[in-house]
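Peer 1: Residues 720 to 1074, numbered by the working numbering, are exactly what the sequence shown covers, in order.
Quick reminder that beta carbons are idealized off the backbone N, C-alpha and C, glycines included.
Got a structure for you, questions after.
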Amino acid sequence: MRITDLKFEKIKIKLKKPFVISRGATEYCESVLVKITTDEGYYGFGEATPSRSVTGESIDSVTFVLKTFKEILIGQDPLAIERIHYILNKAIAGNTAAKAAVDIALYDIKGKVMQEPLYKLLGGFENKVQTDITIGIGAPQEMANEAKESVDKGFNILKIKTGVDLKNDIEAIRLIRNSVGDNVRLKIDANQGWNIHDTLTAIKMIENYNVEAVEQPLADWDFDGSALLRKKADIKIILDESVHNAHDAMHAMKKDSADMINIKLMKSGGLYEVEKINTIAESAGINCMVGCMVETKVALTAGASLVAAKRNITDADLDSFMYYEEFEGIKGGFEVKGDTIILLDKPGLGIEINM
């Protein structure tokens, strides 16, 4: 079997409201959908959702790189996923969202060839995933109102974005805890917005609000600082932007910088690399979670399949489907009941797109 074509389509979906984090705000889900076809009639879908501040890519750079990848991929065996990653990495460095789109499409094809859903292909531990929902930065009372609405919809884990104004952050956490009660799990995510002093101050000020973890409080390069926080603070430290690949994961483990790793397909070039990251973390006794950019069902299904497949991946932040009205062009993948993603028992991603 050989690849005969790669085509792609840009999409732009307006969010219900701007999504604000410490690095800025976004009003749209902007992605590039990919379809890879083969000479035996199999085809697979993928998605690239770039981020200038995380992957260093834009929609335009992704489409440019995909044109190059098309020339490379035609004639290749779609099941030779390790070989294809080697070829793409040799051809161009970085560009991990573009590579993730190809990677996801290849795994979709593999699932269809084997007549198995992706979550079984990757390990098959279970077929459902509990996700948190993220509360973007805003006025503290508005954040508390949004948190209560989310809990009323069935969400039991909240991730609270912080990192712009420490006083605002603490007040928001206080109001959110008071609003949602004691039984809802809370995490905070500063997206590199704090320094060590800010982080220790925040942890001290929120110690009565039962916050279980703080994600990426420090700059992505500061592994030593994260290790210091783990020693000084009685709260879990999650690394996100610090870990893009298996080498970063090894470095984090050697430095004792993390209690958990947030792995993302767009950050790492797809499922092939994030499986390595999870294996490294698991070998060191560290759990992982899977997060997302503002993605469609294509990438979300791939991410949820990974969470469901792996026992060591205990948490999920795969909530971007809540931020926009459902995109009519994408069908299947999963169903949602409350805060639980239930993967469909269909080959590959179980997704259909008219493209």
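1) Span of the beta strand (DSSP E) holding Asn875?
2) On a CA-only basis, which of Cys1007, Lys736, Gly760 and Lys1016 is nearest Met862? Give me that one, please.
3) I'd like to know if the region 820-832 and the region 997-1011 are in contact, where contact means that at least 3 CB-CB pairs between them fall below 8 Å.
4) Let me check understanding here. Comparing Cα to Cα, which of Asp953, Val993 and Ala946 lies closest to Val962?
5) Whose CA, out of Thr723, Glu960, Ala810 and Ile915, lies closest to the CA of Leu885?
6) Between the alpha carbons of Thr1020 and Ala767, how many angstroms are there, rounded?
7) Give the secondary structure of Cys838 by DSSP, where H, G and I count as helix, E and B as strand, and everything else as coil.
8) Label Tyr762 either buried or exposed according to how many other C-beta atoms from any shown protein chain fall within 10 Å of its C-beta, with 16 as the threshold for buried.
9) Excluding the 5 residues flanking Ala946 on each side, which residues of the same chain have their C-beta closer than 8 Å to its C-beta?
10) What did DSSP end up calling Gln849 once you bin it into helix, strand or coil?
11) Quick test of the definition: if touching needs 3 or more C-beta pairs under 8 Å, does the region 868-881 touch the region 894-903?
12) What three-state label does DSSP hand Asp1034 in the structure shown?
13) Would you check if there are 3 or more beta carbon pairs closer than 8 Å linking the region 774-784 to the region 1037-1055?
14) Pairing CB atoms from the region 747-756 with CB atoms from the region 725-739, are three or more of them under 8 Å?
15) What are the complete alpha helix (DSSP H) segments, minimum 4 residues, inside the region 962-1023?
16) Let me know if Gly1022 comes out buried or exposed under the rule of 16 or more other beta-carbons within 10 Å of its beta-carbon.
17) Can you tell me the Cβ-Cβ gap for Phe788 and Ile1072, rounded? I've got them flagged as a contact below 8 Å.
18) Measuring straight from C-alpha to C-alpha, what distance separates Gly760 and Thr723?
19) Contact check, Gly1010 vs Asp822 under 8 Å by CB: the rounded distance?
20) Excluding sequence positions up to five away, which residues of its chain have a Cβ less than 8 Å from the Cβ of Ser770?
21) Tell me whether the region 797-817 and the region 838-847 touch, counting them as touching only if at least three CB pairs, one residue from each stretch, are closer than 8 Å.
22) Could you give the distance in angstroms between the alpha-carbon of Lys839 and the alpha-carbon of Met924?
23) What's the gap between the Cα of Ile854 and the Cα of Met969?
24) With a threshold of 6 Å on Cβ separation, who are the neighbours of Glu868 within its own chain once the five nearest residues in sequence on each side are excluded?
25) I'd like to confirm the pairing. Which residues does DSSP put opposite Ile1060 in its beta bridges?
26) As an exercise, report each continuous beta strand (DSSP E) stretch of at least 3 residues that is fully enclosed by the region 925-949, in chain order.
Peer 2: Checking against the coordinates, here is how it stands:
1) Per DSSP, Asn875 belongs to no beta strand (DSSP E) and is neither H nor E.
2) Lys736
3) no
4) Val993
5) Ranking Thr723, Glu960, Ala810 and Ile915 by Cα distance to Leu885 puts Ile915 first.
6) 13 Å
7) Per the sequence shown, the amino acid found at residue 838 is Tyr instead of Cys. Three-state result, Tyr838: helix.
8) buried
9) Lys974, Asp975 and Ser976
10) Collapsing the DSSP output to three states places Gln849 in a strand.
11) yes
12) Asp1034: strand per DSSP, three-state reduction.
13) no
14) yes
15) Here the runs fully enclosed are 965-974, 984-987 and 990-1002.
16) buried
17) Contact doesn't hold; Cβ gap of about 19 Å is too wide.
18) If you take the alpha carbons of Gly760 and Thr723, they lie about 10 Å apart.
19) The pair is not a contact, with the Cβ atoms about 17 Å apart (cut-off 8 Å).
20) Glu776, Ala816, Met985 and Met1012
21) no
22) Lys839 and Met924 have their alpha carbons spaced roughly 43 Å apart.
23) Each residue's alpha carbon lies about 31 Å from the other.
24) none
25) Bridge partners of Ile1060 according to DSSP: Val848 and Val1055.
26) 930-934
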